[in-house]
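Structure, as structure tokens:
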Amino acid sequence: MRITAYIKRPHWLYLFSLAALLIFGSIAVFSATQSLGVENSYFNQHILFIFIGVIVFAATSISSSDLIKSLSWFVYGIGVLLLLVLFVQSKMQPSDTPLRWIFIGKISIQPSEFMKIGLILSLSRVLSESESKSFVLFLHILLVTIIPVGLIILQPDLGTAISLLAISLILTFFSRVGIGYILGFIASGVGVLISFKDKLFHEYQWKRITSFLNPELDPTGESWSIRQALIAIGSGGLKGKGYMKGTQSKMGFLPDTQYSDFIFAVIGEEFGFFGCIILITLFGSLIFSSVHIATETKDSFQKFVTLGIVSLWTIQIIINIGMNLSLLPVTGLPLPFVSYGGSALLTNMLAAGIIYHVHIHKGQIHYI
Numbered sequence: 026m027r028i029t030a031y032i033k034r035p036h037w038l039y040l041f042s043l044a045a046l047l048i049f050g051s052i053a054v055f056s057a058t059q060s061l062g063v064e065n066s067y068f069n070q071h072i073l074f075i076f077i078g079v080i081v082f083a084a085t086s087i088s089s090s091d092l093i094k095s096l097s098w099f100v101y102g103i104g105v106l107l108l109l110v111l112f113v114q115s116k117m118q119p120s121d122t123p124l125r126w127i128f129i130g131k132i133s134i135q136p137s138e139f140m141k142i143g144l145i146l147s148l149s150r151v152l153s154e155s156e157s158k159s160f161v162l163f164l165h166i167l168l169v170t171i172i173p174v175g176l177i178i179l180q181p182d183l184g185t186a187i188s189l190l191a192i193s194l195i196l197t198f199f200s201r202v203g204i205g206y207i208l209g210f211i212a213s214g215v216g217v218l219i220s221f222k223d224k225l226f227h228e229y230q231w232k233r234i235t236s237f238l239n240p241e242l243d244p245t246g247e248s249w250s251i252r253q254a255l256i257a258i259g260s261g262g263l264k265g266k267g268y269m270k271g272t273q274s275k276m277g278f279l280p281d282t283q284y285s286d287f288i289f290a291v292i293g294e295e296f297g298f299f300g301c302i303i304l305i306t307l308f309g310s311l312i313f314s315s316v317h318i319a320t321e322t323k324d325s326f327q328k329f330v331t332l333g334i335v336s337l338w339t340i341q342i343i344i345n346i347g348m349n350l351s352l353l354p355v356t357g358l359p360l361p362f363v364s365y366g367g368s369a370l371l372t373n374m375l376a377a378g379i380i381y382h383v384h385i386h387k388g389q390i391h392y393i
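Using this note's numbering, the final residue of the sequence shown is 393, and nothing's skipped along the way.
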């Protein structure tokens, strides 16, 4: 019955939006890697990750109704364990560059990406099952959140840490915990950031913030990426320069991460304003259909999980596009389903499968 649900109860808008984003991303990644001399390697890996991701999506969506919920704490625990392994590895092999991947032969794993799902599942379990008073519940939420966030800050990966904190606060907002606790937590967090900014922020992170606030201070350093991304997007005009004809990306003005962090700049230059609007519309359709699924399920755990994943995608979309448009500081958050990156893509496909799992198991037919 679960397999036939794909045929009997398809959510066309959700499936179409997801497929279109994967295709759009593949086209953009192929073009973005042309000037790097490794286009075949990166593009082939990207297609391989999509193929594996589709399998993960299908397997997750048709799994038994209680499996995802029962594995919530296991997934969270594995995520924390991998982050601890990464922390120990960084202490045993000190490096000037951030250590965010665990390498097993030729395979690299980014634990912070999979931790996003672990945190959403565990918080959803807490919020849907706890009968504790508001203060005790809030402390439980805080503990579950702070452990992975603290380990991710130590990598350092401030962008991912902030996104996890935001997801936790959003889910808490939709729970029965009072708004006073949320405002108090935000105020405390801001106070800690200001008081201990020298210890929490690495030099390159602080330069990214200062260069964002005042780009003229470091025009050839940290501000270079933002300036070149703006030039690329602006030069695309309404219709773009044409596929594979972007000069900023092909002549090496954009950073080497133009296939991941700055993929939106490549899209803006080659497909123009219209191409960016199409991409944003696809994201909007995916978010809308996901919220539609969340509103129709009566199970509180499924509702929290879906809202958590929607929050994750929305935060990453806003931060990545805002960064490319010089509206936000530069971070390493990829554009969901579009940017190159195995761990991120597989995590997002797992998340997409969980939402479709909710759609299939709520037992309602959709004609959207």
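Ideal Cβ placement from N, Cα and C applies to all residues, glycine included.
Residue from the options with nearest C-alpha to residue i
| i | options | result |
| --- | --- | --- |
| Tyr474 | Pro35, Leu40, Leu73, Ser42 | Any property of residue 474 remains undetermined from this structure, which presents the chain solely from 26 to 393. |
| Phe139 | Pro181, Gly265, Val100 | Val100 |
| Gln114 | Leu179, Asp286, Leu375, Glu294 | Leu179 |
| Lys141 | Glu294, Ser88, Ile48, Val330 | Val330 |
| Tyr67 | Leu263, Ser149, Thr282, Ala254 | Thr282 |
| Ile54 | Leu370, His386, Lys387, Gly378 | The displayed chain sequence assigns Val, not Ile, to residue 54. Selected option, being the one with the closest Cα: Leu370. |
| Ile145 | Glu294, Pro173, Phe308 | Pro173 |
| His71 | Leu164, Met348, Tyr39, Tyr284 | Tyr284 |
| Phe308 | Val363, Ile187, Thr372 | Val363 |
| Phe112 | Pro181, Asn345, Gly347 | Pro181 |
| Gln59 | Phe296, Ser274, Gly357, Glu295 | Ser274 |
| Leu263 | Phe296, Asn349, Trp249 | Phe296 |
Distance, residue j Cα to residue i Cα
| i | j | result |
| --- | --- | --- |
| Val291 | Ser368 | 22 Å |
| Leu360 | Val161 | 36 Å |
| Ile251 | Ala257 | 10 Å |
| Gly261 | Phe299 | 10 Å |
| Leu92 | Ile171 | 26 Å |
| Ile380 | Val335 | 9 Å |
| Gln135 | Gly104 | 10 Å |
| Ser157 | Phe210 | 19 Å |
| Gly267 | Lys94 | 46 Å |
| Val193 | Ile166 | In the sequence as presented, Val is not what sits at residue 193; that position holds Ser. Those two C-alpha atoms are separated by around 8 Å. |
| Ile312 | Gly203 | 26 Å |
| Ile303 | Ile340 | 19 Å |
| His391 | Ile318 | Only weak support exists for where His391 lies, its pLDDT of 37 falling under 50; the coordinates are left without a value. |
| His384 | Leu375 | 14 Å |
| Met26 | Gln118 | For Met26, the pLDDT reaches just 46, beneath the cut-off of 50, and the residue's location in the model is therefore unreliable, leaving the point undetermined. |
| Pro354 | Leu43 | 28 Å |
| Ile195 | Phe82 | 25 Å |
| Ala96 | Phe128 | A small fix is needed here, since residue 96 is Leu in this sequence, not Ala. Whole-angstrom Cα-Cα distance: 25 Å. |
| Ala254 | Ser51 | 20 Å |
| Gly184 | Val169 | 19 Å |
| Gln389 | Pro35 | Here Gln389 scores only 42 on pLDDT, less than 50, and its place in the model should not be relied on; the value that follows carries that caveat. Rounded to the nearest angstrom, the two C-alpha atoms are 10 Å apart. |
| Gly259 | Leu46 | 23 Å |
| Thr272 | Gly265 | 11 Å |
| Gly102 | Ile343 | 29 Å |
| Ile393 | His382 | Caution applies to Ile393, whose pLDDT of 37 falls short of 50 and renders its modelled position unreliable; the model cannot decide the point. |
| Phe287 | Pro280 | 8 Å |
| Gly143 | Trp98 | 7 Å |
| Ala377 | Ala212 | 33 Å |
| Ser351 | Phe49 | 23 Å |
| Ser149 | Phe163 | 13 Å |
| Phe278 | Leu208 | 42 Å |
| Leu40 | Ile87 | 15 Å |
| Lys116 | Gly347 | 34 Å |
Buried versus exposed, by CB contacts within 10 Å (16 or more), residue i
| i | result |
| --- | --- |
| Ser147 | buried |
| Phe198 | exposed |
| Ile305 | exposed |
| Lys131 | exposed |
| Asn69 | exposed |
| Met276 | exposed |
| Trp338 | buried |
| Ser315 | buried |
| Ile177 | buried |
| Arg125 | buried |
| Met269 | exposed |
| Ala57 | buried |
| Ser89 | exposed |
| Leu332 | buried |
| Thr399 | Outside the shown range of the chain, which is 26 to 393, sits residue 399, and nothing can be said about it. |
| Gly205 | exposed |
| Ile187 | buried |
| Leu190 | buried |
| Gly23 | The shown model of the chain, from 26 to 393, leaves out residue 23, and the question about it has no answer. |
Distance cut-off 6 Å: residue i Cβ against heavy atoms of the ligand ZN
| i | result |
| --- | --- |
| Phe99 | No copy of the ligand ZN appears in this structure; indeed no ligand is present at all. |
*Taking one C-beta from the region 104–117 and one from the region 74–82 each time, how about it: are there three or more such pairs within less than 8 Å?*
Per the Cβ contact rule, the region 104–117 is not in contact with the region 74–82 (fewer than 3 Cβ pairs under 8 Å).
_I want to know whether the region 321–328 touches the region 140–160 - three or more CB-CB distances under 8 Å._
A contact between stretches requires three or more CB pairs, one per stretch, nearer than 8 Å, and the region 321–328 meets this requirement with the region 140–160.
*What runs of the alpha helix (DSSP H), each 4 residues or longer, lie entirely inside the region 266–320?*
Given a length threshold of 4 residues, each whole run of the alpha helix (DSSP H) inside the region 266–320 is given here in chain order: 272–275.
*Enumerate, from N- to C-terminal direction, the unbroken alpha helix (DSSP H) stretches of 4 or more residues contained entirely within the region 41–122.*
Complete alpha helix (DSSP H) runs here, min 4: 64–86, 92–95, 97–117.
*asked:* So within the region 142–223, which uninterrupted beta strand (DSSP E) runs reach at least 3 residues, ignoring any that extend past its ends?
replied: Taken in chain order, the region 142–223 contains no complete beta strand (DSSP E) segment of 3 residues or longer.
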